[in-house]
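J.:
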DNA sequence: TTGAAAGCGCTAACAC
DNA sequence: GTGTTAGCGCTTTCAA
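Chains as they are written, first to last, in full-length UniProt numbering: chain P, 1 to 329; chain X, 1 to 329.
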């Protein structure tokens, strides 16, 4: 490359990093050569001295369409930068997640975004000691990494209040259980669940509290709802902590011969685009994943540029009422 | 690291690569030191001389749960190896896809798996000239890369025959249109679409052929089905080329006040786990994505190890009949 | 403003 | 069986 342009490798490097001390003429010469050769700098070699211009995005899995919104937001933001994000699946256990993070670290990514990680705060801080970290969907306050999350407390409250206002009293909840050892107050599903309990209590419905502990996926929602719908008296509404679970709850209701919302109302969380389909028409909470992904990218780059003070970015959830919830009969 | 173990860096390298010429004693010494230090070899530095032990998986997007099956199969296979796969979104245009591939190439991945790529065969071969490539879900025969796909011709035929055997004659189809400039005979959606037409003809139903060209996603299926259901006479069955589109078709049917399968039968392709939910219960084609991901990983590693002869791995699709299809009334 | 040269952490060729 | 050494393609001093 350098020889083709008849300049030094240093010059090429400087142009690539638009560093100080290159004449416009030199810059042009190099840029022309880059074009002509279709030259692509080896991120790997750059990484030996400095940055790889690579970010890691650790997703628990890729089955939740909400994650796609986050990814799209991140990608859109990075488009204007030299950085590229690679995704890796964190999986269902801390061990697998740790392996994914190690894989990223050993490949010298410049920073890591972790979505709803299972790792403890202490573990995340260890990672943050090596590379800049932004954590999505967890609420703890760490001096060593940034956080991006929606106000799950408020979101869950919106759903439960909505159901109560419709006249429901026997409102059940499906929550998620995972391998995490983080404080429950920092985990989104625990927060949603706790908010559900709190609002129920505040309305004198403590005796109606009914929680199925399952998983935030279709099968989990199905299992959870089956269990809840077998109880007597049967709940008249189910708040599933995530749309994916709500889809399973709708399936369970259908299978039990119950019609939604006439026999049982169902609400979710995340407002995935499936929720908007007319035959599903699921009441849900919207939390702008695109914006969250975008913010995560921005914060991570800031940290890579040297920021050390922690930032917390929150998104305000909004209730989207659809046909899956109505007054009980 | 080497100094801590009191051995040469060469020894460490040899142990890491379990290469020829290290005594068991040396091996132990090094392994102990690795443990003690929590040493993680820098893939980036290894990559300067040889391999990065990193594979790239280019997915069009992460909204199709079928891709998650592929990823799981690939991950399961790689677990027994030293390789790690990173995902990157290929997007909806050739340009964005090319950028993703370039990002992978400039990061020196050892090989690339492309799922349903938009690029031309010639372009894929150029990439394959730089790094080993395995292409999923395309049918062309290239001497320079391996292919993994299901027999879309057979799969589509299974669906259409099934509908015909139920007694349907006005069977419509929803197909996908993308930015690809590959030969249509190599694109899965074109193959499914062509097989639909062929089987219709073979049964003397050429006059009933009705195709909506849209997209393999929920909105696409919805739009396509709306268009088809407005036609007079209305089709009694819709074969959507993918489950994601079928979900949209179910929504459109619902919205039009049509009940499934009484008024209109709907079938999909991919047998995503959503299809199995009781309230959706979508007839679909299963094509073992897990096995496809696994095979792709295996073939790619073989190529990295030096294989030059192309391999084509095909999966046999099977029909899964559920409640969304029935005899017309 | 420019380029020569050192060195990032490894691997591979080679000498011991 | 073991260690020494020369790079891999960049970035970053540092002289010119």
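Glycine included, C-beta positions come from ideal geometry on N, C-alpha and C.
#1: I'd like the ranges of any alpha helix (DSSP H) spanning at least 4 consecutive residues and lying wholly in the UniProt domain "HTH lacI-type" (1-50) of chain X.
#2: Would you call the CB atoms of residue 170/X and residue 105/P closer than 8 Å?
#3: At what residue ranges does the stretch 108-134 of chain P contain a whole run of the beta strand (DSSP E), taking only runs of 3 or more?
#4: Residue 4/P to residue 293/P, Cα distance in whole Å?
#5: Checking 8 Å against the spacing of the C-beta atoms, do residue 142/P and residue 125/P come in under that value?
#6: When the cut-off is 8 Å and only beta carbons count, does residue 54/P lie next to chain X?
#7: Would the stretch 276-296 of chain X count as touching the stretch 50-70 of chain X if we require 3 or more Cβ pairs under 8 Å?
#8: Going residue by residue through the stretch 159-240 of chain X, where are the continuous beta strand (DSSP E) segments of at least 3 residues, counting only ones entirely within it?
#9: Along the stretch 73-99 of chain P, where does the CB come closer than 7 Å to a CB of chain X? Name the residues.
#10: What does residue 119/P touch in chain X if you count any residue whose Cβ is under 8 Å from its own?
#11: Excluding the 5 residues preceding and the 5 following residue 51/P in the sequence, name in chain order all residues of the same chain whose CB lies nearer than 8 Å to its CB.
#12: Taking the beta carbon of residue 223/P as the centre, do at least 16 other beta carbons fall within 10 Å, making it buried, or is it exposed?
#13: Please classify residue 294/P: does DSSP put it in a helix, a strand, or coil?
#14: Mind checking whether residue 59/P and residue 248/X have CB atoms under 8 Å apart?
#15: Please list, in chain order, the residues of the stretch 275-295 of chain P that have any C-beta partner in chain X closer than 8 Å.
#16: Where does residue 86/X fall in DSSP's three states?
#17: What residues are listed by DSSP as bridge partners for residue 267/P?
#18: Which bits of chain P does residue 229/X rub up against, with CB to CB less than 9 Å?
#19: Checking contacts by CB at 8 Å: is residue 198/P closer than that to chain X?
#20: Does the distance from the C-beta atom of residue 212/P to that of residue 261/P stay below 8 Å?
#21: If residue 136/P and residue 115/P are in contact, beta carbons under 8 Å, what's the gap, nearest whole angstrom?
#22: For residue 76/X and residue 295/X, what's the separation of their Cα atoms in angstroms?
#23: Against chain X, which members of the stretch 22-55 of chain P pass a CB distance test of less than 7 Å?
#24: Give me the chain X residues within the contact set of residue 65/P, using Cβ-Cβ distance strictly less than 7 Å, ordered along the chain.
#25: State yes or no: is the beta carbon of residue 128/P nearer than 8 Å to at least one beta carbon in chain X?
#26: Return helix, strand or coil for residue 53/P, following the three-state DSSP convention.
#27: Where does residue 288/X fall in DSSP's three states?
#28: Which same chain residues, not among the five before or five after residue 253/P, have their C-beta less than 6 Å away from its C-beta?
#29: Mind checking whether the beta-carbon of residue 126/X lies closer than 7 Å to any heavy atom of the ligand GDP?
#30: Closest by CA to residue 175/X, which one among 244/X, 20/X, 233/X, 134/X?
#31: Could you check whether the Cβ of residue 103/X sits closer than 8 Å to any Cβ belonging to chain P?
#32: Does DSSP put residue 318/X in a helix, a strand or coil?
#33: Out of curiosity, what's the CA-to-CA distance linking residue 162/P and residue 155/P?
#34: Tell me the DSSP secondary structure of residue 312/X in three-state form.
#35: Between residue 258/P and residue 42/X, what straight-line distance do the alpha-carbon atoms span, to the nearest angstrom?
#36: The alpha helix (DSSP H) spanning residue 101/P covers which residue range?
T.: On the basis of the data shown:
#1: 2-5, 9-16, 24-37, 43-49
#2: no
#3: 111-115
#4: 41 Å
#5: yes
#6: yes
#7: yes
#8: 171-176, 210-214, 237-240
#9: 75, 84, 86, 87, 88, 89
#10: Those within 8 Å of residue 119/P in chain X number zero; the least Cβ separation is about 16 Å.
#11: 110, 304
#12: buried
#13: helix
#14: no
#15: 277, 278, 279, 280
#16: strand
#17: 239/P, 283/P
#18: In chain order: nothing, as chain P lies at least about 13 Å away.
#19: no
#20: no
#21: 4 Å
#22: 11 Å
#23: 40, 41, 42, 43, 44, 45, 47, 48, 52, 54
#24: 63
#25: no
#26: coil
#27: coil
#28: 260, 264
#29: Ligands displayed in this structure: none; no statement on the ligand GDP is therefore possible.
#30: 244/X
#31: yes
#32: strand
#33: 11 Å
#34: strand
#35: 57 Å
#36: 94-106
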